[in-house]
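Encoded as C-alpha cells, the structure appears first; notes follow it.
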Amino acid sequence: MKRYLLYSAPLALLWCFVHGDVTILNFLFGLVLGPFVIKPFKPLYKFGQEVSFKDAISRIPKEIKYFVMLIIEIIKACIVVGKIVIQPKIDIKPGIIAVPIDTKTHAGITAIANTITLTPGTLTLDVSDDESVLYVHCIDASDPDGVRESIKHDLEKYILEAFE
Amino acid sequence: MNSLLLNLALLFMVFAMIPCVYRVIKGPTVPDRVIAVDAMTTVIVVMLGVYSFVQGSVFFMDVALVLSIISFVGTVTISKYLDEGVVL
Amino acid sequence: MTSLLDHIPILLIAIPILMAAVMIFLRSIPALQKVLNVFVTFCMLVLSVVLLEQVWTNGIIVYEVGEWGKYGIVLVADLLSAGMVLLTLFVSFLSLVYSLEYIEERSLSSSYHSLFNLLMAGLTGSFLTGDIFNLFVFFEILLLSSCALVVANEKGGVTKSSDKMEATFKYLVLSMLGSIVMLIAIASLYATVGTVNMADISVKVSAMSASGTLPWHIYAVALLFIVVFGNKAALFPLHYWLPDVHPTAPSPISAMLSGVLIKVGVYGMFRVFFLMFTDTLYMFKPIIIILSLATIIIGAVSAVGQTDVKRLLAYSSVGQIGYVFLGLGMGSVYTIAASLVYLVNHAFAKGMLFLTSGAIIHHAHTRDMDKMGGMIKSSPVMGTMFLIGAMSIAGFPPMGGFIGKFLLFDAGINEGFYIPIAIALIFAVFTMFYMFRAWMKMFWGESRDTKKYGEYSSHALSPLLTVPIIILALGVLVFGVYAEPLIALAQATAAQIVDPQPYIDAVLTRVVR
Amino acid sequence: MTTLITKTITKICVPLVILFSISLLLAGHNNPGGGFIGGVMFASIIGLLYVVFGLDNIKEFFNPDWAKWFAFGLLLSCITAFGALFVGHNFFRSAVEFVHLPFIGEIELVSAGLFDVGVYFVVIGSLLYIFKNVGDDK
Amino acid sequence: MNNTLLSFTIAMLFGFGTFLILRRDIIKVVIGLGVLSHAVNMLIVSAGVFKGTKVPIIVGSSGEHGAADASGTVFNDVLADGVLAPVVSAGTHIEYVDPLVQALVLTAIVISLATTAFILILAYRIHEEYGTTDLRELRRLWG
Amino acid sequence: MDPFNVITLAIFLPFIFAGLIPAAEKILKHYVGWLAAAVALASFLLIATVLPHVIHDGPISGAVPWLPSVGLDFGLYIDGLGILIAFLASGIGVIIMSYSNGYMSHKEDLPRYYMWLLLFMGSMVGMVFSANTILLFIFWELTSVTSYMLIGYWRDKPESIYGATKSLIVTAAGGLVMLAGFLFLHSITGTFDIPTILQNEALIQTVKDHDLFLITLVLIFIGAAAKSAQGPFYIWLPNAMEAPTPVSAFLHSATMVKAGIYLVGRMHPIFSGTDAWLILVAGTGMITMVMAGFMAFRQTDIKGILAYSTISQLAYIITMYGYTTYQHPGIGVAAATFHIVNHGTFKACLFLVAGIIAHEAATRDIRKMGGLWREMPITFIIAVIGALSMAGIPPLNGFLSKEMFYESSVEMGAALGSPYTILIPVIAIMGGVFTFAYSIKLISGIFLGKRPKDGLPKHIHDPCATMLVPAAFLAFLVVLFGVVPSIPVHNIVEPTASGILLEPVHLHVKLWHGVTTPLIMTIVTFILGILVYSKYDALAAWQDRFNARHPRISVNYHYDAAVDNAKTWGHKISSVTQPGTIKTYINAVLILIVVLVCIPVILLGANIIPQTLNFDIAPYEALLMLLMVVAGIAIVALPGYLPAIIALSALGYMVGLLFIYLKAPDLALTQVLVETLSTIIFFLAIAKIPQKFKEKIPTTTLVRDVIISVAIASTVFIMLINATQGIVSPFESLSHYFIENSLTLAGGHNIVNVIIVDFRGYDTLGEISVLCLAALGVYNLIHSRSEEK
Amino acid sequence: MSSIDIVLELLSNIVLIIGLVFVFLGMLGLLRLPDVYNRMHATTKIGTVGAFGVMLSILLKVGFSPMGVKALTVGLFLLLTAPIAAHMIGRAAHRHGVELCKESIIDEYGKSYK
Ligand code: NA
Ligand code: NA
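Residue numbers (the numbering used here), protein chains in the order written: chain A, 1 to 164; chain B, 1001 to 1088; chain C, 2001 to 2513; chain D, 3001 to 3138; chain E, 4001 to 4143; chain F, 5001 to 5789; chain G, 6001 to 6114.
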C-alpha cells in the first residue's frame, strides 16, 4: 500500500503535467489511477522491499542539490562542445574510458549514467556486467584518469547522496 | 518583434533539420542515421513548441509531448536490433 | 424500442462485427462457436430476405447511421444492394457451414470465425453504404479479411503455404494500389464538390454538368474508379491477382471470393458510374466494353491451358466476370438486367464449383487434374455436382448460366453490339470446352495410377460438405428452369440503376437534426 | 540483452506513459487525442517493455490475452453503437449528457466517449497481439 | 488547399513510391507502399476546401460558449418539403481548416498501419518459405 | 384432353421417368429397359392422339407463361413437321429401348443408360414442339448433352471420350451459333415466337429484306448443319459411333441428326425463296451428299459405313429443302419430308442389324466377315431389305423418295436454267451412285462371299427375339411404306409439307409412274453404282494418294490440331499474360491509371494547367517540403534495408510536421505515433529477413521505371492542382455542418475527433475492424505453417 | 505590463535564443563531427539541452498555463529519455563494429565484451 502511494504520488503529479492542468482534483484523480496502472507491473518494482516515507522525503533537498549541480555542469559543458563544433577545423582527441563506480542500486547507476551523458563531452556507452564499471566516451580523452577522477568526485558524490 | 523572432526561430529550426537529413542520407553507418532521425525528432519537438506558442494553441504541445516520448521507443528498438539482431 | 425490422441494414453489417468479437471470447468452446455462428448467420440470411422484400414493396430504404443524414454516413438499400446482400449472405451461409468441416480445427476456432464474420460485414457494408469514403473503409475490411482467410489452414493441406503467401502478397500489393487510387479519387472529388455522400455527389456532378461547369478532372476521377473497382472485380488488366489467389485460398473462401467478393467490384461500378457519374458514361462504356472483352478472352484462353482444377475455375471467374462487365458496359436497362442475372448465376455456379473442388481435393489429395481420373465411380455425387456447375458456367440449359448468357447475348444484339457479342460468343465456346474437358479429365477415363498418386480417399463425404453444394446446385437448376423471379428482380434493379433519381430523393429528402 | 540503464528508465516510463495514454484517451473529445492515439501510446510502451526486458521475461508476470483486449474493444464499440437502438434511435445515435457532480462540477458524458474507449482497447489489443505473435515465433 | 508547391511535393513522393514498388526486393516494395501512403495522406489533407487557418478545435471552456464563436457560418442546408437543395448558401468565411479531410486521413492512416503490419509479417513469411526477398523468384504461381 | 396438355405430357413423361429410373431399377432389376420402352410407347401414343387434330384443323398452338419479363412462354406449336420428328423419336425410341434389353449386358450400368435415353427422347420431342426459338434451343442443347452422355457411355474408354467431346463441341458450339441467329431473328422480328412469324407474311418479308438477313440465316444454318453433320461439321458423327449401337441407331441416324433437318424445315418458310437459302442449304447439301457418300463407300467398319451414309442421306434431305426459287418456294419439300420417314426406318433397321452383327460376330470390320447369310438368315433378310431400300431399289420406300429426289432435282435444274438444268441432276445422280455402291458393299461384305478362316467366333446365329423383332418390324415398315406409300404420305408427309409450305399439299406417290426422267436417272444410277463398286480398289488407291498429299484437306486434321494443342496454346498464352512477376502486374495497373487520366484530357481537349497556381507559402514550409523530397530521394537511393527504413521514418516525422503546418494536430499526433510503430514493425520483420539480395538495376529497367514513375507523378500532380482549385461554386463542404454542430449536437470541441467518433463513427468502427483483422491475419500468417510440420 | 513581466519576457527570449542556438549547434555537430560517437555528443546533449531551453522559455512566456506545464513536461521527458537513446545507439554501434574515428586515442570498452 505504502509502495503504491509512493509511486502514485509522482505519477499523479505527472498526470497533472501531461494534462496541462495542475489542480487538486486532477492530482487526486491521478492518485486514484496510479495503483491500477502500476499493479500489473509490480514485479518490475521490487515490491517486497520496505520503504519509508521519511526516507523519501528526507532525500528531497539532496535531490534538488543534485539537480542544481547538474544544470550548472550541463551549461558549462554545452559551451565547451559548442565551441568545438564551430571551430573551423575540428581538432579533438576522443576515446572510450572505463570508469569504475561505487554506486550499487540500479536507480543510482542509471542516474549517474544519464548524468554523464547529459553533461557534454562525456557519454555513457555501457555498464559492465558486474555493474561496477561504466564505459564512457569522451570527446576529449587525452587525460583518462582526470575524467575518472572528476566523475568520481564531482558527480557520484551527489548521486550517492540523492539516490542511496 | 516577438512574432518575427518566433518565425525566424521556425526557419532556423528547419535549417537545423538539414544536417539531420544529410546524415540520414550520408550515414555512413546505420547508427549515424539513427541518431540523425533521433536528433530530427528533437528539432521537431522544438519546432512544435515554438509553433504552439506562435499559434497560441496548446494543441501542438500535445504533439511535442507525444513525440518526445515515442521517438525514444523507436530508437531503443532499433538499437536493440542493431545490437542483437532481434527485436523481441 | 422501435421494431428491429427498421434497422435491418445496419444489423446486417454490425451483427457480424459484433460476432467477430464474440467469437474471440468463445475460442475455448469451439462447439458453441460453430452453433452460434451458423445460427446468427442464418438469422442474417433471413433478415436479408426481409430487407429485399421491404425494398421490393416499399422502395428504397435509407438508414442514417447516427441520424446525421448525408452529413454522417447513410446506408442505402435499393434493389441492387439488397439483392447483393441477399446473395452474399446466401453464399456466405453455405460456405460457413462447409467451412466447419473443411477448415482445420485450431485455425477454425482461433481466428476463422471472426475473420469470416468480418468478411461478411465487409461485403454487406460495401453493398449497403451510401458514402464513398465508407466504401473505401469497407473495401479495406474486405481486403484484409480475405487476405487473412486465404492463409487460413485447411484440413489435409494440399495447398502449399508458400503458394498462399505468394498469392496473398500479390493480391495485397495490387489491392493497396487500388486503395491508393481510390483515395486519390475520393479526395479530388471532395475537393471539387465538398461531399462524400454518393447521392449528394451525384446531384452536384449533374448540376455542374447541366450548367457546363463540370471540370475535366471529374472525368478523370470517374475513370480512376475503373481502377478501383476493376481491381476488386479482376477486370483486365487488373485481374492478375485472381488466378493466384482464388486457387490457393481454402475452398470455402475461394467460393466466397469468386462467388461474391469479386462482385463487389461490379457493384461498385454500377453504383459509382450510374449514380454519381452519369454524365461520364459515354466515356466509360466503350472503355468497359473493350476491357471486358479483353477479360473474357484472357480468362477463357488461359483457363484452357490449366491442369490445376482450382486455377482453371479461377481463370473461368476472370472470363465470366468479363461477361458481367460486358452487360454493364453496354449500359441499357436490358443489358444491365442481363448482366445482373449473369452475375447471380455465376455466383451460385462458381461458388458451388469451388466448394465441389474442395470436396474433390479431399477425395483425390491433389489439385492437379492430370493426377485424377475416373472419379465418377468413386465419387458420383461430386461428379454430378461438378457437371451441373460446369454446364451452368458453360451456358447449357437447363442451368442458370444459360439464362444469363441468353439474356446477355439477346440484350447485346438488341442494342446492336454485334462485334462484342460475336467475341463473347466465340469465347463462350471456349468456356464450354474447358469446363467439360475438366469434368472429363477428373471424372471420366481410367482411374488414376494408384501406385504413383495413391488411392482415392475412401472416407464418405461429410454432409456438412455435401449439403451446401447440393443446395447451390439446386439453386443453379432453379434459376435455369424457373428464372422469372430472378429476371423480374434483375429488370427492376436495372431500371433502378439506370434512373438514379429515386435513390437521390431517398437519401437527400430528409430532415437533418 | 539491454542494459540496466535502459531497463530502469523504461520502468520509470511505463506507468507514466500509460497514464499519459489514458489522459489522451479522455481528452480526445475536446483536445487532440482520442482512443486511437491513446491506444498507440499504450501499445508502444508495452512494446518497449517487451523489447527492453525480453518478451519471455515480461510474459512471466504480465501476460494478458491481447486478443481478448481487442475483442473487448470491438464489442464495447459495437454495443455502444447498438445502445441507441434500445432507446428508439438509429444505430450510432450519440447521446450527450451534462452531469453535475458535487466537488467536481459539470461533467460531460458522451456516448461517443465510450466508443472511443472501445477503439482504445482495439488498438492496444491488436498491436500487442501482433507483437506477441511475432515475438513468440522463433 | 490550393498550393502548387505542396502538390508538387506530394506528386514527387508519388513518383518515389512508384519507383520503389517497381523494385525487385520485397522490402523495397513495402517501403514504396509506405511512401505512397504518406503521399496519399498528404494529398487528402491538401484536398481540404477551407481557406481557414485555425486548428479545428473549438476553443472555449463550456458548451454554450464554444458554439457561439465557432464560425459565424449560417448553416442553410435544409432539405424540407421534398425539395432538394443540393447546395448550401453558407459561403461565409470559415476560420478553421477543413476538419473532414483530417478525419478521413486519420482513418486512412490507421488502415495503412494495419495493412503495413500485415504485409510486413507476410514478407517475413515469404522470406521463410522462399529463402529470398527477390520478387523475381516469387513466381511459383504463374501461367 | 387438350392437345397442348397431351403434348406437354408426352414431353415431360420421359423426363419424369428418367428421374425415376434409378429407383425403378432397384425393383425391376434388368427389366428396367422395358419400363423405358413403355414410357416411350406412351409418349408415342400421346402424340398419335394429336395427329388427327392436326390433319383436320392444321397446326395447334398453346402456351403457359414461363419468363414473361423477357416475353418467353413455355409455348408449343404442334404441326405436321413436329409430329413427324416426334414420331420418329418416340416410335424408334420404343423399338430401340426394346432392342436394348437384348443388346445391353445386365452388368452394364442400365439405369444410367435408360435415363439418358429417356432424357434424350423427351428433349427431342420437346424440341420439335417448341413454339419459340429459345425453348427450341434449350431442348436442342439438351439433346446435345444427352447425346454426349450416351456417346461417352463407356466413359473409361478413350475413344468414347474422344467421340463424346467432339460431338459436344461441334453440336453445342453450333447450337450457340444458332442461338445467336435466333437472337438476330428476335432483334429483327421482335418476337421469339415461331408461329407468330410464320403466320405473319409481312413479318417474313421484313426478315427477308433486313440487313441482318444473311447473317441470321448463316448463323441458324450453321447450327442446323452442325447437328445434322453437314458440311465441315460432319466430323463428329463418325466418332459418335463409339456409343452403344442402339444409341447410334437412335440418336445418330434416326432422330437427333434429324434435329438439324427439322430446323431447316422449320425455318424454311421464313428464309426460303432467296438466293442465299438456295446456295447455302442446297449447296451444302449437295457437296456433303457426294463427299459423304464417297467416304461411306470407303469405310470398312459397319457403323462407319452407316455413319457416313447417314451424313449423305441427311444431305439429300437438306438439298431438297434447299431447292427453292422465288417463284417456286418448295420444290423439294414433300420429297425431303418423305425421305425423313424413309431414312428413319431403313437406317434404324440397318443400325439394329449392325448391332446384331457386332453382338454376334464380335467385330464390326467387314473385312473380317463374309458368308454370314447361312448362319443368320433372318438377319440377312432384314439387312437386305434395309440396304436395298437405302440403295433405292423398288419396291422399297427408299426407292420412292429417291425417285422424288431425282424429280425435284430435275425440276430445280429446270427452274434455274442452264447450266443447272444438267448440273443439278448430275450431282443428284452422283450421290445416288455412291449410295448404291456402299449399300451393296455392306451386304456383300457381311453376308456374301466366303466366311474367313479365323477372326470370327465359331458359332454365329440369329440373335434372340428381343433383338430381332425390332429390326424385323422396321424392315416390315420399309416394305409397307414402299408398297403402300399412302399410309405415311397421307398421315404424316402431307401434313408436314403443308406445315412447311404454309399451304395444303396433296401428293400422289406411286411405285410406277411410267418411264419418266427420274426412272431413267435411277437406272443410270444402278449401272454406275455397280461400276463404281467394282472399281473400289482403284478409287481407294487414288483417295489414299490424294489424302497423303494433302493432309490439311481433312477437317478432322484441323479439329484434332485445335483440340490437342488447345491446352499447350492456352498454357503458352497464359504464361505470357500471367508471367508470375508482380512487377508486370503493377506496371499494368500504373499504365492503366495514366491512360485513364489521359483519356478525358484528350477527348475533352482539357487545359490541364489551371488558371491559378498558388505559390504563396511560408519559407520554413517550403524548406520542409524540399527536405521531404530529399528524404524521398534518400529512400529511393539507399540500397540497404536499414538506411531506407530509417529514411522512411524520417520522412514520416516530417510528414507529421507538415500536418502541424496544415493545422492538424490530431493528424500529426497520429502520424508520429504510427510512424514510430511502423518503424518498429519494420524492424520486427526485417529482424527475421536478412538482406542477402541487392538489386542491380540495368539501365533499360531504370529508364523504364523512371518513365513510369514520372508519368504517375505527373498524373497525380495534374490531378491535384486541378482538384485543389477550390470547391466549385456554389457548392459548400459538409464540414460546415460539422463545425456548426460538433459542440451543440455532439458535445465535443475537437471537431476532428467528433467526426471520427460520432458523425462518421461508423467509419471508425470499420477502421478498428481493420485493426482486428490485421491482428488475426498476422496470427494466421504465423500459424499457417503449423500444419505442414 | 509589470516589470516582472518584462524581465520574464526578456529572460525567456534570451533562453529561447540560447536554446535555439544550442539546438542548431547540436545539429551542426551532427554534420561536422567525425564519428558517430562524437556526433552523439552534439545531438543528445546540446540538442537536448537546447530543446529544454526552448521549452523553458515557453514556460517563462506563458507561465503555468496548460501550455507552459506541457512545455515543461516535454523538456523533462527529453532529459529523461535522450541519454538512454544515445547510450543504446552508442553501445550497439560499438558492439556492432562501428570504428572510432582515427583521431581517437583510447578504447577501453573494446576489450570488455569481445
Ligand atoms: Na468381307
Ligand atoms: Na532524443
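Just so you know, even glycine gets a beta-carbon here, dropped at the ideal spot from N, CA and C.
Exercise. So F:Val5594 is in the alpha helix (DSSP H); what residue range does that whole segment cover?
Worked result: 5582-5604
Exercise. What does DSSP give as the partner residues of E:Ser4007 in its beta bridges?
Worked result: In the DSSP output, where bridge partners are listed per residue, E:Ser4007 has none listed.
Exercise. Do C:Leu2051 and C:Val2091 have their C-beta atoms within less than 8 Å of each other?
Worked result: no
Exercise. Straight-line CA distance for C:Gly2331 to F:Phe5192?
Worked result: 23 Å
For this session: With 8 Å as the threshold, decide whether the Cβ of C:Pro2502 is near any Cβ in chain E.
Result: no
For this session: Tell me, please, which residues DSSP counts as bridged to F:Ser5130.
Result: F:Leu5076
Problem set entry | Cβ-based burial, F:Tyr5114 [other Cβ within 10 Å; buried from 16] | buried
Problem set entry | Residue from F:Ile5492, F:Gly5370, F:Tyr5420, F:Gly5355 whose Cα sits closest to the Cα of F:Ile5464 | The residue you asked about is not Ile; residue 5464 of chain F is Cys in the sequence shown. It is F:Gly5355 whose Cα lies nearest to the Cα of F:Cys5464.
Exercise. How is F:Val5064 classed by DSSP in three states: helix, strand or coil?
Worked result: strand
For this session: Please classify F:His5508: does DSSP put it in a helix, a strand, or coil?
Result: coil
Problem set entry | Chain-ordered residues of the region 5165-5198 of chain F with a beta carbon less than 8 Å from chain D | none
For this session: State the CB to CB distance for the pair F:Ser5043 and F:Leu5013, rounded to an integer number of angstroms; the pair is presumed to be in contact (CB under 8 Å).
Result: 5 Å
For this session: Grab the span of the alpha helix (DSSP H) containing F:Val5655 for me, first residue to last.
Result: 5641-5661
Exercise. Which residues in chain F sit within 9 Å of E:Tyr4096, going by Cβ to Cβ distance?
Worked result: Lys5663, Ser5735, Ile5739, Ile5751
Problem set entry | Same chain, Cβ closer than 6 Å to E:Asp4081, five either side skipped, listed in chain order | Bear in mind that a pLDDT of 39 at E:Asp4081, under 50, signals an unreliable position, so the model cannot answer this.
Problem set entry | Best match in G:Ile6089, G:Phe6052, G:Pro6083, G:Asp6005 for proximity to G:Leu6072 [C-alpha to C-alpha] | G:Phe6052
Exercise. Counting only beta-carbon atoms, is D:Asp3056 nearer than 8 Å to chain F?
Worked result: no
For this session: Hey, could you find the ends of the beta strand (DSSP E) A:Ile96 is sitting in?
Result: 95-100
Exercise. Among the residues of its own chain, which have a CB less than 6 Å from the CB of F:Gln5671, if the five just before and after it don't count?
Worked result: Val5655, Gly5656, Phe5659
Exercise. G:Gly6029 to B:Ala1039, Cα distance in whole Å?
Worked result: 11 Å
For this session: Go ahead and pull the three-state DSSP assignment for F:His5186.
Result: helix
For this session: Mind checking who F:Pro5329 pairs with in its DSSP beta bridge?
Result: F:Thr5324
Exercise. Do B:Ile1070 and G:Phe6077 have their CB atoms nearer than 8 Å?
Worked result: no
Exercise. Within 8 Å (strictly less), CB to CB, does D:Lys3050 reach chain B?
Worked result: According to the sequence displayed, residue 3050 of chain D carries Tyr and not Lys. Judged by the 8 Å Cβ criterion, D:Tyr3050 is in contact with chain B.
For this session: Compare the C-alpha of D:Lys2944 against each of B:Val1050, B:Leu1082, B:Thr1077 and name the closest.
Result: In the structure displayed, chain D extends from 3001 to 3138; residue 2944 of chain D sits before or after that span and is not available.
Exercise. Looking at the unbroken alpha helix (DSSP H) that takes in D:Cys3078, where does it start and where does it end?
Worked result: 3066-3083
For this session: Please name the residue or residues paired with C:Ala2077 in a DSSP beta bridge.
Result: C:Ile2061
Problem set entry | Three-state class that DSSP yields for C:Val2227 in the structure shown | helix
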